[in-house]
Structures are given as C-alpha cells and as structure tokens.
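A.B. asks:
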Amino acid sequence: MTARRLRVGTLGLAFSLAFGACGGTSVEQELAQAEEILGEAREGVLEARDAVKAKQDAVETARADLEQAGEALRQAEVQLEQAESGVDLQATDALLFRGIQRELLDEGRLERVAIRVEVSKGVVTLRGLVPDPETRAVAIEIAREFPGVASVTDGISVQEPDVAAQGDDEE
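In my numbering, the protein residues as written are 8 to 178.
Structure (structure tokens):
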C-alpha cells in the first residue's frame, strides 16, 4: 500500500468523523469506516515491510557478491605478482637482448635507424643515431616495457640534419 492510500484513508476517516458529528451518519457506520481505513493502513504497513525486507535481502546478496568479487581480485593480483616475479627470474640477459632487438626491428617507426642493444644483469643500454627525439623516445619505451628489464640506459644520440645535404636538395 502506498503512502498516498494511507493519506486518503486518513482524510476519509477525518471527514467521516466530522460529518458524523453533524448527525449525518450513525456511530456504527463511522466505526465500520474507521475499521476499513485501519485495515487498509495495516495492509499498507505489511506491504511496506515486505518491500523493505526484499530490499534488505537484495543488499545482502549484493554485499556477498561484492565480497566474492573482491576475493577473486585479490587472488588474481597474487597470481599476477607471481607471474611477474617468474618472468623476472626467467629473463636472462640473452633472452632480453633477443626480445628487445626483435621488438625494435618490428617497430615501423624505427625501420630507418640502427639501434644497438646491450644487456647486463637486466640493465638495457641502447646506443645509436636517430633523426629526432620522438624516435629515441619510441626505442626507450619499447625497452622499458619489455618484461624482465630492470632499467634502461639511454645512449641514443639525435642526429642533427646535415646542412650541406639540405643545400643539395634545394638546387
């Protein structure tokens, strides 16, 4: 039962009592109307209690689901940490060298440059000449993101444009 029905019933009871005081209805009629309104009000309370109980049950179910999801997340984080530490243990210098070299060769933005890779105890050193700072940043980022790399040392130089070569192009 809604709050609106309760208000309407209450107004009806008040109207009945006021009208009855004027002599328009009998006491039995007023009592019957009051009992009807009381019954409707009780129904409304029961319906409201049922609705509250249903919502409480839904909240409890959602809390349980949230706890399960949180536990699954914690387990996944532990597995990720274990996998990452396993990769770090397996990442020998030779594997790092081959993997990073392959990534650099596969990167289209680096196809016209030669970058030398050196690896010692997980520390990667990159050397070579590149045409611009953006190309250097791409190479460094590839090395940094490779699993098992402890750190990256930047030995890449940005090649200044050859002024004489530009003059030949203009003729």
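Positions of the beta carbon are idealized from the N, C-alpha and C atoms, including for glycine. Because the structure is a prediction, the values reported are computed rather than measured.
Run through the DSSP bridge pairs and tell me what A55 is partnered with.
C.D. replies: One-based indexing of the sequence shown puts residue 55 at position 48. Paired residue(s): none; A55 is not in a bridge.
A.B. asks: If you compare alpha carbons, which of A61, A41, I163 is closest to V137?
C.D. replies: As a working mapping, residue 137 is identified with position 130 in the sequence shown. Nearest option by C-alpha distance: I163.
A.B. asks: Just to confirm my understanding: we take V145, look at its own chain, exclude 5 residues before and 5 after, and list those with CB closer than 6 Å. What are they?
C.D. replies: Residue numbering aside, residue 145 sits at position 138 when the sequence shown is read from its first letter. Hits under 6 Å: R116.
A.B. asks: Would you report the Cα separation of G77 and D57, rounded to the nearest angstrom?
C.D. replies: Here residue 77 refers to the residue found at position 70 when the sequence shown is read from its first residue. Here residue 57 refers to the residue found at position 50 when the sequence shown is read from its first residue. So the alpha carbons of these two residues sit roughly 30 Å apart.
A.B. asks: If I measure Cβ to Cβ from P140 and keep anything under 7 Å in the same chain, skipping five residues before and after, which residues do I get?
C.D. replies: By one-based count along the sequence shown, residue 140 stands at place 133. V165, listed in sequence order.
A.B. asks: Please state whether the Cβ-Cβ distance between D161 and G129 is less than 9 Å.
C.D. replies: Sequence index remark: in the sequence shown, residue 161 carries index 154 (1-based). Sequence index remark: in the sequence shown, residue 129 carries index 122 (1-based). No; because the gap between Cβ atoms is not below 9 Å, this pair is not in contact.
A.B. asks: Would you list the residues sitting across from V130 in a DSSP beta bridge?
C.D. replies: By 1-based counting over the sequence shown, the position of residue 130 is 123. DSSP, once it has assigned bridges, lists S127, S158 as partnering V130.
A.B. asks: Measure the Cβ-Cβ separation of F153 and E125 and say whether it is below 9 Å.
C.D. replies: In the sequence shown, the residue the question calls residue 153 occupies position 146. In the sequence shown, the residue the question calls residue 125 occupies position 118. Not closer than 9 Å, so no.
A.B. asks: Kindly indicate which residue of G106, V52, G135, V131 has the alpha-carbon position closest to the one of R119.
C.D. replies: Stepping through the sequence shown from its first residue, residue 119 is reached at position 112. The candidate whose alpha carbon is nearest that of R119 is G135.
A.B. asks: What is the rounded straight-line gap between the Cα of A90 and the Cα of E54?
C.D. replies: Position 83 of the sequence shown, counted from the start, is the residue given in the question as residue 90. Position 47 of the sequence shown, counted from the start, is the residue given in the question as residue 54. Using only the alpha carbons, I get a separation of about 54 Å.
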